[in-house]
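Sequential numbering from 18 applies to the sequence shown in our numbering. Built from N, CA and C at the ideal position, the CB exists for glycine as well. Small disclaimer: the values here were computed from a predicted structure and weren't measured.
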Amino acid sequence: MKAFAGATLVVAGALTIAAVADSVNFDNAPAGQAPTGWTATRTGSGIAKWTIERDDTAPSKPNVLKQSGVATYPVCFKDDTNLKDGFVEVKFKSISGKEDQAGGVVWRLKDANNYYVARANALEDNVTIYDTVSGRRTERKRAKMKVAPNQWHTLRVDFQGSHFTVTFDGKKALEWDDATFKDAGKVGVWTKADSVTAFDDFSYSGS
């Protein structure tokens, strides 16, 4: 009986470890440049500018990942990730932007032109999910939600098979089913156009 109990504890412990998320807070990265181990790029045209910057309002001080360039869709993804099912989450703050004020997460990313993205927009006060195929973004579902500018928010997507759930500030925003990208891919963050957006506490888990 004791042996069985011990084995049960070992299994439970292994499951607990497997469920622990990987997290990046950018605090140990050199300021003024893109984070090491990430691909800082964009979908479409323009010049994306992804840099580590100090931000005294950061949820985990002192640094954030900031996008301050202008491009069709700036995207920055973590090179060593490869998730089919799991979750991706980030805290973001929309700082400015005349055309757009967006912060988003990407998952099952194959490359800078093929991925899923969910984003929140402070100019439109909504949360939206898209697929981007061969560089073309297509809206799939939208939910009206207040997205205050210059405040930190949390955006999360849980993805399992063809089912996706988007959560904004702890509240379910929308659900969607799709099978465009079935295979594992990378996860990362995303903005649009002239959005100046800060990101912190990027986390993910899955297989």
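(1) Which of the three DSSP states, helix, strand or coil, is assigned to residue 91?
(2) So which of 75, 78, 53 and 100 has the shortest CA-CA distance to residue 202?
(3) In chain order, what residues of the same chain lie with their CB nearer than 6 Å to the CB of residue 212, ignoring the 5 residues before and after it?
(4) I'd like to know if the segment 119 to 131 and the segment 58 to 73 are in contact, where contact means that at least 3 CB-CB pairs between them fall below 8 Å.
(5) Examine the Cβ distances between the segment 186 to 197 and the segment 139 to 149 and report whether three or more of them are shorter than 8 Å.
(6) Measuring alpha carbon to alpha carbon, tell me which of 164, 98 and 69 ends up nearest residue 51.
(7) Have a look at residue 190 and residue 93 and give me their C-alpha separation to the nearest angstrom.
(8) Pop quiz: residue 161 and residue 142 are said to be a contact at Cβ under 8 Å. What is the actual Cβ separation, rounded to whole angstroms?
(9) Using the Cα positions of residue 176 and residue 206, report the straight-line distance between them to the nearest angstrom.
(10) Identify which residue in 215, 221 and 224 has its Cα closest to the Cα of residue 77.
(11) Count the other CB atoms, across all protein chains shown, that sit within 10 Å of the CB of residue 111; report buried if there are 16 or more and exposed otherwise.
Per the coordinate set shown:
(1) strand
(2) 100
(3) 114, 117, 118 and 119
(4) yes
(5) yes
(6) 69
(7) 23 Å
(8) 7 Å
(9) 16 Å
(10) 215
(11) buried
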